[in-house]
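A.B. asks: Chains as they are written, first to last, in the numbering used here: chain A, -4 to 339; chain B, -4 to 339. Glycine included, C-beta positions come from ideal geometry on N, C-alpha and C. On a predicted model such as this, the values are computed, not experimentally measured, just so you know. One structure follows; several queries about it will come next.
Right, here's the structure in full:
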């Protein structure tokens, strides 16, 4: 794909937004999780990588908090004012991961068993609920004047997220879906939370409604691009990087965007892919390789790469013309490029 | 048990709080649920009894909204101001029912399959999340000055609820628990939401903090009493009334309060019950009858009846000495008595 990397050299430790998020957010997340019963807190720490075996990640990628912090800074605010919103978005993100993994039957995440696979379904349902409650609590306890509007925004976002996940589950049972349906679902399921993160940052900076809408659009576009990268990784990602088996999305016959693009292209490769997806038994290794090749030959990979570029460009355009803080705006561009440019 | 019935004759259609709740709350609940995707809304309507086959209940017992409305009136407010809080508490109640039924593996509720048994686990997890989101949305969109503090209170209540459910699940796996553990769990799992409902009513009436604390205590005590009645029904309830199989709690070997009281009494009946609970195979009809008889002989039923009376009296005492609206206070007493006096 065409490089969207910024002119400035990357900061040590990755894009500056992530560095800032890794310094500010994990201590706050830990403090909130400590409010839960020890048993639920242990599951939540596991989910967030805060347990002893969680490795060096210490709280995950923190992309959403990073976007929130940089949006606050870009809109002229002090990022450290927005820590509650960052904690809320990361807690909601993990609540939906815990619940979605149960619904999707996914057993592996980040190189280890998912929360339900490790602690059982009942505990995982409950921990997800507790994380949702905590997320709202960070905002209802925050005395910042932007907290109430952000809490209201979070309720709406959560409703949109559930709508996206509902469609995702339903689409898996349909014989075929259109690219339009697929992208609309991704906007709800993946775009909305990044849109919320960026809008919340702008709100905490005291930005006017028009700015908040633009930051929301920026995050939503970026969220779709980010998910499309995940969709590519779900087919061609290196298991050592993704923490999931090779070709896991094809194995589960997910209707991810590259697959939907390929299936709707017509032609021999699309027909071959449709035939493999229609089989009533698990695909073997050879068939998985044929399926991946068919997605590529039917143009699914190229279409997805193009859409990642279009969404990332659209995201950046949304912020054009605003009188933003220069350094923070550059950091946002850098983070957007890094998110869209992950190795796969 | 000693009658706690009020002097005034009951209003037609049951206690006045329930009559008021049935008039005010179902239309509001329906309007909020209509904000969800049709597929999720259908499941939520089923859960709340709003579907065509839901029967005459039209939204369930609505005990929690009734308590909220009467608390608002008793504290000198206009109950119709508190409709958002009533909707929030009923949505949260149903969200936890949907999720708890999955966790507990319960297949029947209100004479028909539970939501997960009818729509599948993934849809039921998701609908529970959507109901949680909607509950907060009713409060974050409500312009009433009591809405923010009530939303904050709801987040804390949800955290306490999850702690109660966590202990309930964990206690089921322990060989024995104490009555103290059991009651503390019931306060968290069953008392907290009724406490929230009553406190929210007082908040919407503009009551001072001390009053709010007293209403919270009133609801919490009542919630424990209410759950203890359910525990009696779970052993001796008529299936035609409860909508669950006879002796369902004994069949599932639940450590409900009457069982814990019986087991901790010592003596031959307690030993017989412990032996039945220790069996590694399903109990047959004869054994279920012996188990029920053993709970009774070991004093579990009498202890529970006594605790229901103590909690109900304690609840009523909490409101003594406050300058409450007379009629609404009488209605609250009537509702408390009716809730504690359900036929079993």
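1) Which same chain residues end up closer than 8 Å to residue 192/B when comparing Cβ atoms and leaving out the 5 residues on each side of it in sequence?
2) Using a Cβ-Cβ cutoff of 9 Å, what residues of the stretch 253 to 266 of chain B are near chain A? List them in chain order.
3) In chain order, what are the residue ranges of uninterrupted beta strand (DSSP E) at least 3 long that sit wholly in the stretch 277 to 313 of chain A?
4) Enumerate in chain order the residues of its own chain whose CB-to-CB distance from residue 127/A is below 6 Å, with the five nearest sequence positions on each side excluded.
5) Which full runs of the beta strand (DSSP E) of 3+ residues lie inside the stretch 186 to 256 of chain B, going along the chain?
6) By Cβ distance, which residues of its chain are closer than 7 Å to residue 317/A, with the 5 residues on each side in sequence left out?
7) Give, in chain order, every unbroken run of the alpha helix (DSSP H) that is at least 4 residues long and sits entirely within the stretch 137 to 190 of chain B.
8) Label residue 251/A either buried or exposed according to how many other C-beta atoms from any shown protein chain fall within 10 Å of its C-beta, with 16 as the threshold for buried.
9) Run through chain A and tell me which residues come within less than 8 Å of residue 172/B, C-beta to C-beta.
10) Under 7 Å Cβ to Cβ from residue 262/B, same chain only, skipping five residues before and after it: list those, please.
11) So which residues of chain A does residue 150/B contact, with C-beta pairs closer than 7 Å?
12) Out of curiosity, what's the CA-to-CA distance linking residue 102/B and residue 73/A?
13) In whole angstroms, give me the CA-to-CA distance for residue 25/A and residue 220/B.
14) So, with DSSP's three-state summary, where would you put residue 329/B?
15) Measure the alpha-carbon distance for residue 236/A versus residue 172/B and round it to whole angstroms.
16) Which residues mark the beginning and the end of the alpha helix (DSSP H) in which residue 66/A is found?
17) Using a Cβ-Cβ cut-off of less than 7 Å, list which residues of the stretch 152 to 163 of chain B approach chain A; keep chain order.
18) Beta carbon of residue 98/A, beta carbon of residue 121/B: below 8 Å?
19) Taking residue 421/A as the reference, give the member of 167/A, 15/A, 141/A, 217/A with the closest Cα.
20) Please say whether residue 41/B and residue 113/B have beta carbons closer to each other than 8 Å?
21) What residues in its chain sit with their C-beta under 8 Å from that of residue 135/A, if we drop five residues either side in the sequence?
22) Residue 280/A: buried (16+ other C-beta within 10 angstroms of its C-beta) or exposed?
23) Which residue from 217/A, 37/A, 166/A puts its Cα closest to that of residue 190/A?
24) Verify the CB distance criterion: does residue 28/B have a CB-CB separation below 8 Å to chain D?
25) Take every Cβ of the stretch 31 to 38 of chain B, pair it with every Cβ of the stretch 146 to 163 of chain A, and state whether three or more of those distances are shorter than 8 Å.
26) Check the DSSP bridge columns for residue 104/A and list the partner residues they point to.
27) Name, please, each residue of chain A whose Cβ falls closer than 8 Å to the Cβ of residue 35/B.
28) Anything in the stretch 107 to 119 of chain A with a Cβ closer than 8 Å to a Cβ of chain B? List those residues in chain order, please.
29) Between which two residues does the alpha helix (DSSP H) holding residue 262/B run?
30) Please classify residue 321/A: is it buried, with 16 or more other beta-carbons within 10 angstroms of its beta-carbon, or exposed?
31) For chain B, find out if any of its Cβ atoms is closer than 8 Å to the Cβ of residue 321/A; answer yes or no.
32) Just the Cα atoms here: how many angstroms apart are residue 178/B and residue 123/B?
33) Does chain B have any CB closer than 8 Å to the CB of residue 207/A?
34) Find the residues of chain A that neighbour residue 46/B, judging by a C-beta separation of less than 8 Å, and give them in chain order.
35) Taking only beta carbons into account, state which residues of the stretch 217 to 243 of chain B come closer than 7 Å to chain A, listed in chain order.
C.D. replies: Checking against the coordinates, here is how it stands:
1) 59, 60, 62, 63, 66, 80, 81, 84, 214
2) none
3) none
4) Excluding its 5 nearest sequence neighbours in each direction, residue 127/A has C-beta neighbours in its own chain below 6 Å: 90, listed in chain order.
5) none
6) 206, 209
7) 142 to 168, 174 to 181
8) buried
9) By Cβ distance, chain A contributes nothing, its closest Cβ being about 15 Å from residue 172/B, past 8 Å.
10) 293
11) 128, 131, 132, 135
12) 51 Å
13) 36 Å
14) helix
15) 46 Å
16) 58 to 69
17) Look at the stretch 152 to 163 of chain B: the residues with a C-beta under 7 Å from a C-beta of chain A are 153, 154, 157, 158, 160, 161.
18) yes
19) For residue 421/A there is no data in the structure shown, the boundaries of chain A being -4 and 339.
20) yes
21) 142, 146
22) exposed
23) 217/A
24) In the displayed structure, chain D is absent; the protein chains listed are A and B.
25) yes
26) 107/A.
27) Within 8 Å Cβ-Cβ: 157, 158, 161.
28) Within the stretch 107 to 119 of chain A, the qualifying residues are 116, 117, 118.
29) 262 to 272
30) exposed
31) no
32) 26 Å
33) no
34) Neighbours of residue 46/B in chain A, taken as residues at a C-beta separation under 8 Å, are lacking, since the least C-beta distance is about 18 Å.
35) none
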